[in-house]
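Top line first, the protein sequences correspond to chains D and P.
Just so we're aligned, residue 0 is where the first sequence starts under numbering that gives the first Met the number 0, counting upward by one.
Just so we're aligned, residue 0 is where the second sequence starts under numbering that gives the first Met the number 0, counting upward by one.
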Amino acid sequence: MLRIEHLNRTYPGGIQALNDVCLDIPNGMFGLLGPNGAGKSTLMRTLATLQEPDSGSIHLDELDVLADPQSLRRQLGYLPQEFGAYPRTSPQVMLEHIAALKGIPAGERRALVEYLLSRTNLWEVRKQSIDTFSGGMRQRFGIAQALIGNPKLIIVDEPTAGLDPVERRRFQNLLTQFSDNQVILLSTHIVDDVADLCPRMAIMAAGRVLVHGEPEQLTNALTGKIWSQQINHDELAALRSSARVLSTRNRGGKLEARLFSDTVPDGATTASPTLEDVYLCALGDAGIDIGLDQ
Amino acid sequence: MSALIEVIRFECRYQLRSPLFIIVASIFFLMTFLGMASDAVQIGGNDSALNLNSNFAIIQTQLVFSIIGMFPAIAFVANAITRDQEVRTAEVLFASGVRPKPFVLGRFIGGTVFAMLTGLAALAGTLLGTLAPWLDQARIGAFALSPYVFTLLVLIIPNTFFVCATFFTLAALFRSMAAAYAAALAFIVAYGVMSAFSGPEDLWWAVYADPFGGTAFGEAFRYATVYERNFELPHVFGENALLANRAIWSTVGLICLAVTAWRYRFALSGPGRKKKQERDKTPHTAARFSGGVPRPGLMDQFLSQLRMDYRGVLRSAPFYVLLAMGMLNVTAVIFGSTDQPYDTNSYPVTGLMLRAIEGGFLFFVLMVVVYYAGELVYRERSFRVADILDATPYANGIIVAAKIVALWSIIATLLAVVMLTGIVIQLSLGFTEVQPLLYLQGLFVVNGFFFALLAVLAVFVTVLAGDRWIGMLGMILVFLGLSAAESFGFEHNLYLFSTPDTMYSDMNGYGHFIKPWAWFTLYWAVFCVILILVSHLLFPRGRVFTLHERLKQARDRTTVGVRVSMGLAVIALIATGSWIFYNTNVLNEYRVEDDIESRQAEYEKKYRHYLGQPLPQADSVEATVDIYPDERRLRSTGTVVLRNTQDKPINAFALAVNPLLDIEKLEVAGAAITESDKRLGHYLLTFTQPLPTGATTIANYAFEWRNPGFVNSRPNNRVVENGTFVDSTEILPVTGYDPGRELQNNNKRREHDLPPVVRMAKLGDPNWLGESQFGVSQRTEFKVTISTSPDQTAIAPGYLRKEWQANGRRFFEYAMDAPIWPFFSFMSARYEVRRDHWNDVALEVYHHPAHAWNVDVMMSSARKSLDYFSREFSPYQYKQFRIIEFPRYATFAQSFPNTIPFSEAIGFISDVRDKKDINLTFYVTAHEMAHQWWGHQVAGAAMQGETVIVETLAQYSALMVMEKEYGADYMRRFIKFEMDRYLASRGGELIEELPLLLTENQPYLHYRKGSVVMYALRNEIGEANLNRALKNFLNRFAFKGPPFPTAQDLLNDIRACAPARSQALVTDLFERITLYDLEITDAEVAANDGKQQTTITIEASKFTADGKGVETPTPLDQWVDIALLPEADPDTHDNVLPKPLVLSRHRLVTGKNEVHITSITRPVRVVVDPYLKLIDRNPDNNIKTL
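Take a look at the structure:
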């Protein structure tokens, strides 16, 4: 159980990346959803002991993370949003190195690395330079290294960004295999990642946690408030002035707008809420327009 | 076109905004400005009589900046082409619709313009520097714009264009800045290798091969005189290679650029070719691994990180480029250092290899250390693996530790490769006496330790800088700062991050250099411990945004262990520092360069008025010298009987004593010390009753030369553990004021408010006829008892009378049976002796046991010299001739009566096996032997031309012995070297060049020109006539005096033996500075009546030069040798001519001459002045192939 309390962080430029963030995260997969610049990566890096907050506290079970980061690192797997590799270095060599840094005894390293390589489908390319990897292979290498040392906390920051659908699916499958008794924190700006994987989630924007809970619960809470309406492109402005438009989608030369309203808007039909609606609602409530309109 | 202009404009805006241009341009401007306007900054160094703003100096400075400027130039252009990848905007740009050609050209032009502007800044700095009002106006010539325009057009623009174009191409090709920089390092090393080849007989293509034109400029200025260097510019369209060189390299640049512009395609760096995968099976079962929380092992983490770092370097291409360059560099410096005068070689003894490597390698290692410190320290960040690694539980210190040890491993790898290279070179030269342990000691310990410290400093600076490039700049600034401090007179190794220089001698090993080296190394090692601790504290982990956060990390890491280590290190630093300070500044006097000069100046200012005062002369010297090699201590006591040989009484006289001696006793009977200046080594003895004419008095002295502890720099290399060599001026009192201590360089003299050097007395000055060039007017009886440790042999001039052992010491008594000049040598070392004889003269060579190679040559040269000199000049005056080896701390041989101290660095290790080479050992031995005549039988009066009698005649004598041994053809090569060295030295003249007869102790005249002149004279008047003249001269003056002979007396004897037709040439040779320009413009041969009729057209002119090298044409009307040559023997050197078919003399006049010569055999080549009787700056066009 990871407990985050009143975390604050302001960067030298004055940007407040974390604003009183409080979250309780139980074992299992936890999705952190938010647009770019929401403060997700700052939170992830702070949890990964790569930077310190201005104030607040983090506890993993009994462990005070900020007071004793080294103890956390012993139980941590971290897949950063962006990472590279030493040039001309194979995943096997790199994983063995990380295993050594993580304190895996020399005698066990090779077997562990081989196990991880095969689990992550990298066995065939284990001697190839990581430089030459595709995005998906690279992310699978990333998760392999994060899993070294049987960590209690695994942090994966935007792991599916830029992957093609097949690779994304493959990666999601990989993640679901490891989620028994660990805290797995997955940050993403892709709603489907959370919808598909996470029993619990939070939505972050502008450094704040907007909502958190179980995706199903959050979705259900919107039942009866989400509407769909077919309009012409030139009617959008008018519609916006009369109703709260969450998103629009091209559909056969027309626009399908999804509206949020406690009452039935004129000409709208009822729609079943999705996690995306939850996300957009939360952002809208916080006054953030991420411009999903087309 | 508009796209091109747009790209250029964008590029210029970009460069203007980046700080690099402003920083580099200001640094360049400041460096050249201060280089000109301040003494503290030296670029190239200029201590001759040249003006500060001489054309030569302006061009040389810009040449230096062409090389330094390469690095910013690369930054401008390589950055211009790779920037988009590095900052990851490539996709945007490549998609933006700019076409490749305007893009490439625009970026190139933009970058190049800025590179040229930095060159222009350097030029402007020089120009403004010359206008600084505080400069020594005596050294500033009238301002002229032409050298600046010349330098800009011929040097800066072509060089910058070449550098920019080639490195732009490289960067475009590899799409990487680092590749361009690695190539630049390689280029610099290759450049250094090439500049090792610049002798007169070296590669003809070097002038073309140097892309910066340095060699071509050097060649164009090679024989330029002071005047020409000051005011004239090389002719771009003249005979030199400048134009061709500039054209070649500008074309190379253009081709590179064209290829890049034509071939460049927008593409992202990234996946290269994919390797074929080996298909093997997945592990069958999923291995199990430890559950729970792992316990990190510190050592495991460290070793793994070290392996990653070292492996990373080993797998990078630049490392192999550097390694190859290191090997090449070492090869070049090794061959450069076995290269001795006259293009001869020495044996590649390991000590010499070490010296060569040290000399050429330090800078290389420094570059490697700086480069790889930058590469390694922020490697995780630049390859973006830091986030992953920093989240693992590695212990904080291991990264910094791994980086340092990786850097050490790189250095060790380099050194190992260098060592192997050295050994391979030794073996390939057929030299098998390799000393592997000495390699290990010299490379890995004496040099390696310092490199290791350097690595720590580089890591520290890089960590502190927080960025690789800033770190590199930081290291450069650190070293510039340190060398600036040094030139400001801050010379103590306690703050210069340096260890004292060491010098290995085969005889004395590292000797007394090791102790200070060890202490300073320990001191800096302790300092480096502190640097390591601070680096550990400051090494950023994770994302650090502010200084505050960095300091917080540092605070968190300040554990008890760190505190204790830091405390201990500080204590150790203070302790070792104090001990060093006690040795260098308390036990010994700490003196910097400027102190030494000030003292020289002070001595001159205070005591010069004693020069020329009447002095009592030594009738006899009875000396006792006790040498304690282990303690490097020497005790010198004795008695001198002094006589007033003047025609009036002497009231007082000055004594000069080496200021480094402790004086226990200095007494002169009947006189009191009335001035005593221990610091400057001056004493004035005043007689209570003036010493009457003819009367004698006795001087008693007891001195001790101690070398307690160790010194910061300039250790006493004279009294050493094995190979002590001191002379009487160092350990005996010397009567009078010692003008030898005066500052000789007029620029330095002005700094110390001294008038220009007081010139030597004019030739024939009657006031100085009574003093010989030894500074005395009579010879002295000499006897010495010299003692040393029992395993060493001690030697002084004279014959061994007695040898005994007492009190665990070995004693020798030497005495000379006839008076000698009062200038003695005292030596002691562990020697092996070779004995031989010539008639009834005993020949002995005392040598280091490992240096037996050339003892036979010395013996042979000694026998042949004795043969020739005693037959042609006069009998040898001694019954013995000894050569005694001393360590390489000095590199000369010196002739004392029957005793020749001979440096281990010259003839002893010369490789004389190749008969085609000039035999340096044979030559030096003959020269020193000749001094037994020229110097010890007859010495000149103390005035102009004195060295003609001693040195020029010794050169001539040696030439004759060599000619008998090796043949006349061989001598042409020797003379050509002498000619080259004479002509090339004229531009470095400090005061003024004088005709040979008036030489004021100018080595390039009395040795080099002396050889040329005497050889020409011999060829002109014949050996018999010349030797008769010398015999007459000896008859008149040997063992006599005062008055002592002058060069004029010698010339008179020569003229008396020369035919009338040669008198004009004698005048040109001795009394004028005469130069000729002979050129065969055309030569044809036609068969006629079975005979070969050769018609030769010769363009001839003649000049006389003044002391600054300003030439005036004079009419030529002279008989000159012309030879027709057959096919050359392919086995001989180019400079050795075959025996001529016809050799005849022809009258040549100024202008065009046509000469007809008939021969039986068809000639292959014709040559005018084949035996180099005339001094011609371009002897190569004196020869023409038909």
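Beta carbons are placed, not taken as given, at the ideal position from N, Cα and C, and that holds for glycine.
Where residue i sits in the DSSP three-state scheme
| i | result |
| --- | --- |
| D:N219 | helix |
| P:Y813 | strand |
| P:V733 | strand |
| P:K1183 | strand |
| P:P101 | helix |
| P:M961 | helix |
| P:D629 | helix |
Residue i: first and last residue of the uninterrupted alpha helix (DSSP H) it sits in
| i | result |
| --- | --- |
| P:G576 | 559-580 |
| P:R1164 | Note, P:R1164: premise wrong, no alpha helix (DSSP H); beta strand (DSSP E) at 1164-1167. |
| D:F132 | Element bounds for D:F132: n/a, residue is neither H nor E. |
| P:N1031 | 1022-1036 |
| P:P146 | 145-149 |
| D:D284 | 274-284 |
| D:C197 | Where D:C197 is concerned, there is no enclosing alpha helix (DSSP H), given that its DSSP letter is neither H nor E. |
First through last residue of the beta strand (DSSP E) which encompasses residue i
| i | result |
| --- | --- |
| P:Y377 | It is not in any beta strand (DSSP E) - P:Y377 carries neither H nor E in the DSSP assignment. |
| P:H535 | No beta strand (DSSP E) holds P:H535; the alpha helix (DSSP H) holding it covers 513-537. |
| P:F166 | It is not in any beta strand (DSSP E) - P:F166 instead sits in the alpha helix (DSSP H) that spans 156-173. |
| P:Q1091 | 1090-1104 |
| P:K801 | 798-805 |
| P:N838 | Run containing P:N838: none; DSSP gives neither H nor E here. |
| D:R312 | This structure gives no information on residue 312 of chain D, because the portion of chain D shown stretches from 0 to 293. |
Own chain partners of residue i with C-beta closer than 7 angstroms, once the 5 adjacent residues on each side are dropped
| i | result |
| --- | --- |
| P:A889 | S902 |
| D:K294 | The structure shown has nothing for residue 294 of chain D, since chain D only spans 0 to 293. |
| P:F288 | At P:F288 the pLDDT is 47, less than 50, meaning the model places this residue with poor confidence; the figure from the coordinates comes in the next sentence. Hits under 7 angstroms: none found. |
| P:T685 | N650, A651, A670, A671, T673 |
| P:I424 | T330, I333, P347 |
Beta carbon proximity, residue i to chain P, threshold 9 angstroms
| i | result |
| --- | --- |
| D:A355 | The shown model of chain D, from 0 to 293, leaves out residue 355 of chain D, and the question about it has no answer. |
| D:V182 | no |
| D:V244 | no |
| D:Y85 | yes |
| D:V64 | no |
| D:L49 | yes |
| D:E81 | yes |
| D:H96 | yes |
| D:M28 | no |
Residues near residue i in its chain [Cβ-Cβ closer than 6 angstroms; skip 5 each side]
| i | result |
| --- | --- |
| P:T636 | T623, A701 |
| D:R207 | N18 |
Test: residue i CB closer than 9 angstroms to a CB of chain D
| i | result |
| --- | --- |
| P:Q276 | Only weak support is given to the placement of P:Q276: the predicted model assigns it a pLDDT of 42, under 50, and the value that follows is read from those uncertain coordinates. So, interface residue. |
| P:G541 | yes |
| P:I387 | yes |
| P:K273 | Low confidence applies to P:K273: its pLDDT is 39, below 50, so where it sits in the model is not reliable, and the reading given next is rough at best. Yes, because at least one Cβ of chain D sits closer than 9 angstroms to the Cβ of P:K273. |
| P:R705 | no |
| P:V384 | yes |
| P:S408 | no |
Close beta carbons around residue i, own chain, < 8 angstroms, minus the five adjacent residues each side
| i | result |
| --- | --- |
| P:L762 | M942, Q943, G944, L996, L997, T1045, A1046, Q1047 |
Please identify, using Cβ separations under 7 angstroms, the residues of the segment 135-149 of chain D that lie next to chain P, in order along the chain.
Q144, G148, N149
Interfacial residues, the segment 519-551 of chain P to chain D, with Cβ spacing under 9 angstroms
R540, G541, R542, V543, F544, T545, E548, K551
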